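Colleague: According to my numbering, the sequence shown is numbered sequentially starting from 269.
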Amino acid sequence: MPVSEADRLSLSDSETFQDHAKPHRIFTQLRAEEPVAWCPEPWGGPGFWSITKYDDIQEISKLPKIFSSDQNHGGVTLPSPEMIANRANLPKQEVQSPLELAQFEGGRSMITMDPPDHIQHRRMVAPGFTPNTLDALEPRIRERAQVILDALDGQEECEFVSAVAAELPVQMLAELFNVAQADRHKLFEWSNLIIGGDDPDIAVSREHVMGAFMELAGYAMGLFEDRKKNPGNDLITMLVNTEVDGQPMNVADYLSAFVLLVVAGNETTRNSISGGTLALSQNPAERQKLVDDPSLIPQAVDEIIRWVHPVVYMRRTALEDYEIRGVKIKTGDKLALWYMSGNRDEDKWDEPFTFNVTRGGPRHLSFGYGQHLCIGWRLAEIQLGILLEEMLARYPTITATGEVTRMRTNFLNSIKTMPVRLSAA
Ligand code: HEM
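1) Quick check for students: name the residue ranges of the alpha helix (DSSP H) that lie wholly in the region 438-523, counting only runs of 4 or more.
2) Is any non-hydrogen atom of the ligand HEM found closer than 6 Å to the C-beta of Val579, if you look at the structure I gave you?
3) Starting from Arg412, follow the alpha helix (DSSP H) in both directions and report where the run begins and ends.
4) On the DSSP letters alone, give me the boundaries of the alpha helix (DSSP H) that Glu588 sits inside.
5) Given 8 Å as the limit, is there contact between the region 406-422 and the region 510-520, that is, 3 or more CB pairs closer than that?
6) Report the three-state DSSP secondary structure of Ile683 (helix, strand or coil).
7) Going straight from the alpha carbon of Val625 to that of Gly486, what length do you get?
8) Below 8 Å, can you find three or more Cβ-Cβ pairs linking the region 649-660 to the region 537-544?
9) Which stretch, first to last residue, makes up the beta strand (DSSP E) that contains Phe316?
10) Mind checking who Leu647 pairs with in its DSSP beta bridge?
11) Identify whether Glu435 lies in helix, strand or coil by the three-state DSSP scheme.
12) At the level of alpha carbons, what is the spacing between Trp311 and Phe295?
13) Which word fits Phe621, buried or exposed, when buried means at least 16 other C-beta atoms lie within 10 angstroms of its C-beta?
14) How long is the line joining the alpha carbons of Gly375 and Asp382, rounded to whole angstroms?
15) What's the gap between the Cα of Leu529 and the Cα of Met269?
16) Any heavy atom of the ligand HEM closer than 6 Å to the Cβ of Cys307?
17) Check this for me: beta carbons of Ile683 and Val429, under 7 Å apart or not?
18) Is Arg293 close to the ligand HEM? I mean its beta-carbon at under 6 Å from any heavy atom of the ligand.
19) Quick one: Cα of Glu671 to Cα of Asn681, how far?
20) Sort Thr685, Ser609, Phe481 by Cα distance to Ala305 and report the nearest one.
21) Can you say whether Ala274 is buried or exposed, counting buried as having 16 or more other CB atoms within 10 angstroms of its CB?
22) Could you tell me which of Asp570, Thr667, His640, Gly600 sits nearest to Tyr590, measuring between CA atoms?
23) Can you give, in chain order, each stretch of the beta strand (DSSP E) that sits fully within the region 595-646 and has at least 3 residues?
24) So, helix, strand or coil for Thr345, using DSSP?
25) Would you say the beta carbon of Phe335 comes nearer than 6 Å to a heavy atom of the ligand HEM?
26) Evaluate contact between the region 578-593 and the region 627-638, counting only Cβ atoms and requiring at least three cross-stretch pairs below 8 Å.
27) Leu455 to Val438, Cα distance in whole Å?
28) Name, in chain order, the residues that DSSP records as bridge partners for Phe335.
29) Under DSSP, the alpha helix (DSSP H) around Val559 begins and ends at which residues?
30) Give me the DSSP bridge partner(s) of Trp306.
31) Starting from Glu327, trace the alpha helix (DSSP H) in both directions and tell me its first and last residue.
32) What do you reckon, is the C-beta of Ala394 under 6 Å from a heavy atom of the ligand PLP?
33) If Ile573 sits next to Ser540, beta carbons under 8 Å apart, how far is it from one beta carbon to the other, in whole angstroms?
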């Protein structure tokens, strides 16, 4: 049965993703009937191709010279400035799509660059993510996870996102930036604002959003000046004290890179912790396997990140005509690589809709693939793994209770609040 026009249109609508059952139904039908599907845009935009099969997402991701991420070709997100503005009742000339908002004054970060510029910018911060650097961080991640969980002692219930899931990634980000831990609350708030432009609870008013961005830019510039004088081993120093084509890093690119790290290192890991805890509490037999045998946790980390798909899609723009599965993509066409769908591809996994902590099988697509493969993937896995070990040792029956609220966005799978019961009643 062909996928209806209404379903195609609904993929542009953040409301559709408030409950993941609906988009999963549409993607399952698309994978079966029309894996490369044209989707019109409700706001009158030109439309885009939905890429829903695992192999096709990989194929396109391997061709960054044909399928561009560059913001001059449209960047990596789909919604139009108009759509964001309408949703949040913000004037369009002042507010653009969430990630573009981050591109201060024409600045670019690696995620919205193509080769060869991309690799130059990626190399700047790569020393922060080497296996040796991450090994050295592990004990501190464990210590922080323990302190976060210690704070729950004596409580029977808590709001999991603010008490646990948000804390570890943002504490680690403050550490990687070498800024005061007290500043982590600001990093958390800014990151929500960058991503939550489509959520009226977050983008409450134009003044609020713009005020926060000015504050963020001021904060980032303070660090820029400081690290020029007092260089260290942190990510900010790596960005500030570097050269691009023989020139010092320009301020606009620095600000964009700062914003990218604030969002990428924060939201996604938080959502894998909260989404993973939700999945374990909905599948108590799987949770019990990890309690009985913690050596299964690395496998469970893979399954959680497949299951949760913290990033729902990334966009590309075709710079050449290209044919995939007999469908002709034309120069200038937009494409959405739906990781959410690729991670449920029936050709890759048996029973992809079953949460199975011992699954194994092919690598999920949640970290992307190819040129832009997530630079922080291992850091995210280590944080999630350590947190699970520490948490399940203390709270083997931790269970989500009550209503889970989600951010209104089709870009991230983001849980805003999730009440949990820590111990068996
Ligand atoms: C579970 C956690 C995470 C998920 C699901 C995730 C997901 C992704 C995805 C899908 C991309 C690819 C973008 C594209 O192809 O256009 C990406 C890129 C990136 N991620 Fe992550 N990420 C996570 C954690 C992190 C962390 C902890 C950091 C840093 C502290 C980070 C930093 C980045 C950066 C800098 C890029 C851009 C890489 C490039 O363009 O070459 N991410 N991430």
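Ideal Cβ placement from N, Cα and C applies to all residues, glycine included. Since the model is a prediction, treat every value here as computed from it, not as a measurement.
Modeller: Working from what's here:
1) 452-463, 474-497, 503-508
2) In the sequence shown, counting from the first residue as 1, residue 579 sits at position 311. In this structure, Val579 has its CB closer than 6 Å to one or more heavy atoms of the ligand HEM.
3) Locating residue 412 in the sequence shown gives position 144, where the first residue counts as 1. From DSSP, the alpha helix (DSSP H) with Arg412 extends over 399-418.
4) Counted from its first residue, the sequence shown places residue 588 at position 320. Where Glu588 is concerned, there is no enclosing alpha helix (DSSP H), given that its DSSP letter is neither H nor E.
5) no
6) Sequence index remark: in the sequence shown, residue 683 carries index 415 (1-based). Three-state DSSP puts Ile683 in a strand.
7) As a first step, residue 625 must be located in the sequence shown, where it is residue number 357. As a first step, residue 486 must be located in the sequence shown, where it is residue number 218. Roughly 44 Å separates the two Cα atoms.
8) yes
9) Counted from its first residue, the sequence shown places residue 316 at position 48. Counting along the chain, the beta strand (DSSP E) containing Phe316 begins and ends at 316-319.
10) Your numbering for residue 647 matches position 379 in the sequence shown. In the DSSP output, where bridge partners are listed per residue, Leu647 has none listed.
11) As a first step, residue 435 is located in the sequence shown; it is residue number 167 there, counting from the start. It is helical.
12) Working through the sequence shown from its first residue, we reach residue 311 at position 43. Working through the sequence shown from its first residue, we reach residue 295 at position 27. Each residue's Cα considered, the two are about 21 Å apart.
13) As a position in the sequence shown, residue 621 is number 353, starting the count at 1. Label assigned to Phe621: exposed.
14) By 1-based counting over the sequence shown, the position of residue 375 is 107. By 1-based counting over the sequence shown, the position of residue 382 is 114. Whole-angstrom Cα-Cα distance: 14 Å.
15) In the sequence shown, the residue the question calls residue 529 occupies position 261. In the sequence shown, the residue the question calls residue 269 occupies position 1. Approximately 42 Å, taken between the alpha carbons.
16) Here residue 307 refers to the residue found at position 39 when the sequence shown is read from its first residue. Incorrect: Cys307 has no Cβ contact closer than 6 Å to the ligand HEM.
17) Position 415 of the sequence shown holds residue 683. Position 161 of the sequence shown holds residue 429. Yes. Within cutoff.
18) In the sequence shown, counting from the first residue as 1, residue 293 sits at position 25. Because no heavy atom of the ligand HEM lies under 6 Å away, the Cβ of Arg293 does not count as near it: no.
19) Here the question's residue 671 lines up with position 403 in the sequence shown. Here the question's residue 681 lines up with position 413 in the sequence shown. C-alpha separation (whole angstroms): 16 Å.
20) Residue numbering aside, residue 305 sits at position 37 when the sequence shown is read from its first letter. Minimum Cα-Cα distance from Ala305 among the listed residues Thr685, Ser609, Phe481 corresponds to Ser609.
21) For the purposes of this step, residue 274 is identified with residue 6 of the sequence shown, where counting begins at 1. When all chains shown are included, Ala274 counts as exposed.
22) Taking the first residue of the sequence shown as 1, we reach residue 590 at position 322. Ranking the options by Cα distance to Tyr590, first place goes to Gly600.
23) 595-597, 602-606
24) Taking the sequence shown and counting its residues from 1, one reaches residue 345 at position 77. Thr345 falls in the coil class under three-state DSSP.
25) Residue mapping note: residue 335 aligns to position 67 of the sequence shown, counting from 1. Outside the cutoff, so no.
26) yes
27) One-based indexing of the sequence shown puts residue 455 at position 187. One-based indexing of the sequence shown puts residue 438 at position 170. Using only the alpha carbons, I get a separation of about 7 Å.
28) Here the question's residue 335 lines up with position 67 in the sequence shown. Looking at the DSSP assignment, Phe335 forms a beta bridge with Ala586.
29) Counted from its first residue, the sequence shown places residue 559 at position 291. It spans 552-560 - the alpha helix (DSSP H) in which Val559 sits, taken as one unbroken run.
30) Mapped onto the sequence shown, residue 306 falls at position 38. According to DSSP, Trp306 bridges with Trp317.
31) Walking along the sequence shown from the start, residue 327 turns up at place 59. 322-329 is the span of the alpha helix (DSSP H), which, as asked, contains Glu327.
32) As presented, the structure is devoid of the ligand PLP, carrying the ligand HEM as its sole ligands.
33) Here residue 573 refers to the residue found at position 305 of the sequence shown. Here residue 540 refers to the residue found at position 272 of the sequence shown. Going by Cβ atoms, the distance from Ile573 to Ser540 rounds to 5 Å, so yes, they are a contact pair.
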